[in-house]
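Structure, as structure tokens:
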Amino acid sequence: MEDDLGPYFVERDDRIFSSHPTASYPFPSDPPEHQRLDEQHEILKLLLGGNYVGPIHNVLTPDPERRLIAVDIGTGQGQWCLEMAEMFPHVDFYGLDIVPIAPRTNIPSNVYFQIHDITQPTPFADRSVDVVHARSASMTVTDYSVIIQEAARILVRGGMFYSGEWGRFPAFHPDIVDASPPVNVPNFTRFYDILNEALIARRGIHPIARLIPQMIHQSGHFGDITTRPFYVPIGGWQGDEALKQIGRDFRKCVRRYMESCRSVLLEAGYQNPAINDLFNHAWDDVRNTPGLVSVYHTVYSPRL
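Under the working numbering, the residues of the sequence shown are numbered 779 to 1082, in order.
See the structure below:
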């Protein structure tokens, strides 16, 4: 197996995963999952209007005295670093991930990918980094405060911590006030309930997307905490044609996401027939219920 996949990966349940002994990240690291993440990345860019919200461009204004540094936590295939590096050629972008799935060739001269376990201190000196970007990083640690504390250590004064996390719960768009997930999509709700229970029991991963602003505040190292949720449509139910297409594309991502969750449910003791039944009933809710969204929680805050 090591000869085929190298020392960083292991095959399980017909999918490829990180073999790192302390890695809590529960999802596969293989072509189907990479495709899902690529599509999700493009959808987020459309909804956010780019690779971030907030004043990161101000923080990354050229400094005549030094090159600026941005760190991407859990960089994955490195799309964020690669695209940001073109926008900010005067900034060095470091993408950190526990598995080496980022490109190794034909990358910009200001992009550096490093294998790193984020539960351990990063190699950056105190007060040396200008931006710390963490997208879907809550799935990589059992205690998200580790990421906040490390960001506080390495960020310069006025440097920006930016977090983007998916809410692991079913939701309706806020304009739809008479809908309730447990009532209107009980099977989709059950999927998330079972998934979150399995993630907590098997990996120690809690659903904390909505708690991150409070955690940042409690650290005492940041100020002017700004939050903004984005409602990603599931399915082509919205009137705007662009949002309809986003919804159709994202609905495919949701189906792939379910399949990527299979191994976690197997770890928790569920058998494939029961998992298939869970997925199929949840998918019926998704396909047949207008107004469904996934909530993407963004928060950014400067280092005091």
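Note that the Cβ used here is the ideal one computed from N, Cα and C, for glycine as well.
8 Å Cβ cutoff met for ILE893 and TYR872: If you number the sequence shown from 1, residue 893 lands on position 115. If you number the sequence shown from 1, residue 872 lands on position 94. Against a cut-off of 8 Å, the Cβ pair of TYR872 and ILE893 comes out as no contact.
Segment limits, beta strand (DSSP E) that includes LEU846: Reading the sequence shown from its first residue, position 68 is the one you call residue 846. Looking at the DSSP string, the run of the beta strand (DSSP E) that includes LEU846 is 846–851.
Alpha-carbon spacing of ARG793 relative to TYR786, whole angstroms: Residue mapping note: residue 793 aligns to position 15 of the sequence shown, counting from 1. Residue mapping note: residue 786 aligns to position 8 of the sequence shown, counting from 1. Rounded to whole angstroms, ARG793 to TYR786 spans 14 Å at the Cα level.
Helix, strand or coil at LEU874 [DSSP, three-state]: On the sequence shown, residue 874 is found 96 positions in, with the first residue counted as 1. DSSP places LEU874 in strand when its eight states are reduced to three.
As assigned by DSSP and simplified to three states, the class of ILE983: What you label residue 983 is simply residue 205 of the sequence shown in a count that begins at 1. Residue state, collapsed to three classes: coil.
Neighbourhood of ASN962 by C-beta, 7 Å cutoff - its chain only, sequence neighbours within 5 removed: The residue you call residue 962 lines up with position 184 of the sequence shown. Closer than 7 Å at the Cβ level, and outside the excluded window around ASN962, lie THR1067.
Distance between VAL1032 and ILE821 (C-alpha atoms, nearest Å): For the purposes of this step, residue 821 is taken as residue 43 along the sequence shown, with counting starting at 1. For the purposes of this step, residue 1032 is taken as residue 254 along the sequence shown, with counting starting at 1. Straight-line Cα distance between these residues: approximately 12 Å.
Beta carbon of ARG1026 nearer than 8 Å to that of GLY1013: Mapped onto the sequence shown, residue 1026 falls at position 248. Mapped onto the sequence shown, residue 1013 falls at position 235. Yes, Cβ-Cβ distance for ARG1026 and GLY1013 is below 8 Å.
Cβ neighbour criterion (16 or more within 10 Å) applied to ASP956: Position 178 of the sequence shown, counted from the start, is the residue given in the question as residue 956. ASP956 is exposed by the Cβ-count criterion.
Residue burial classification, ARG814 (beta-carbon count within 10 angstroms, cutoff 16): Taking the sequence shown and counting its residues from 1, the one referred to as residue 814 is at position 36. Label assigned to ARG814: buried.
Cβ-based burial, HIS1084 [other Cβ within 10 Å; buried from 16]: In the structure as shown, the chain starts at 779 and stops at 1082, and residue 1084 therefore has no counterpart that could be examined.
Beta-carbon proximity check, TRP944 vs HIS911, cutoff 8 Å: Along the sequence shown, read from residue 1 onward, the residue named residue 944 stands at position 166. Along the sequence shown, read from residue 1 onward, the residue named residue 911 stands at position 133. Against a cut-off of 8 Å, the Cβ pair of HIS911 and TRP944 comes out as no contact.
N- and C-terminal bounds of the alpha helix (DSSP H) containing ILE1053: Taking the sequence shown and counting its residues from 1, the one referred to as residue 1053 is at position 275. Counting along the chain, the alpha helix (DSSP H) containing ILE1053 begins and ends at 1050–1066.
Length of the line joining the Cα atoms of PRO881 and HIS819: Within the sequence shown, residue 881 is the residue found at index 103, counting from 1. Within the sequence shown, residue 819 is the residue found at index 41, counting from 1. Taking the straight line joining both Cα atoms gives about 16 Å.
For MET938, the first and last residue of its enclosing beta strand (DSSP E): What you label residue 938 is simply residue 160 of the sequence shown in a count that begins at 1. Where MET938 is concerned, the enclosing beta strand (DSSP E) stretches over 933–944.
Three-state secondary structure (DSSP) of TYR786: Taking the first residue of the sequence shown as position 1, residue 786 is located at position 8. Correct three-state label for TYR786: coil.
Cβ neighbour criterion (16 or more within 10 Å) applied to SER916: If you number the sequence shown from 1, residue 916 lands on position 138. It is buried - the Cβ of SER916 has at least 16 other Cβ atoms within 10 Å.
Sequence-distant residues of its chain with Cβ nearer than 7 Å to ARG980 (five each side left out): As a working note, residue 980 is residue 202 in the sequence shown. Once the five neighbours on either side are set aside, the close Cβ partners of ARG980 are VAL1042, GLU1045, ALA1046.
Burial state of PRO840, where buried means 16 or more other Cβ atoms lie within 10 Å: The count along the sequence shown starts at 1 and reaches residue 840 at position 62. Its Cβ having fewer than 16 others within 10 Å, PRO840 is exposed.
Residue from ARG905, LEU826, PHE966, ASP921 with nearest C-alpha to TRP1061: On the sequence shown, residue 1061 is found 283 positions in, with the first residue counted as 1. Measuring from the Cα of TRP1061, the nearest candidate turns out to be PHE966.
Minimum C-alpha distance to VAL1064 - residue among LYS1030, PHE1000, PRO810: Taking the first residue of the sequence shown as position 1, residue 1064 is located at position 286. Closest option to VAL1064, Cα to Cα, is LYS1030.
Delimiting residues of the alpha helix (DSSP H) encompassing LEU1044: If you number the sequence shown from 1, residue 1044 lands on position 266. 1040–1045 is the extent of the alpha helix (DSSP H) around LEU1044.
Simplified DSSP assignment, three categories, for PHE966: Numbered from its first residue, the sequence shown carries residue 966 at position 188. In the structure shown, PHE966 sits in a helix (DSSP, three-state: H, G or I).
TYR922, DSSP secondary structure in three states: Locating residue 922 in the sequence shown gives position 144, counting from the first residue. Correct three-state label for TYR922: coil.
Closest residue to TYR890 among ASP908, ILE896, PRO899, VAL869 (Cα-Cα distance): For the purposes of this step, residue 890 is taken as residue 112 along the sequence shown, with counting starting at 1. For the residues ASP908, ILE896, PRO899, VAL869, the minimum Cα distance to TYR890 belongs to VAL869.
Which residues DSSP lists as bridging PHE950, in chain order: By one-based count along the sequence shown, residue 950 stands at place 172. Per DSSP, LEU1070.
Among PHE866, ASP1055, PRO833, ASP875, the one whose alpha carbon lies nearest that of GLY852: Counting from one through the sequence shown, the residue named residue 852 turns up at place 74. Here the closest residue by C-alpha is ASP875.
Beta-bridge partners of HIS911, as assigned by DSSP: Counting from one through the sequence shown, the residue named residue 911 turns up at place 133. Per DSSP, ASP850, TYR940.
Range of the contiguous alpha helix (DSSP H) that encloses GLN813: As a working note, residue 813 is residue 35 in the sequence shown. Note, GLN813: alpha helix (DSSP H), 809–826.
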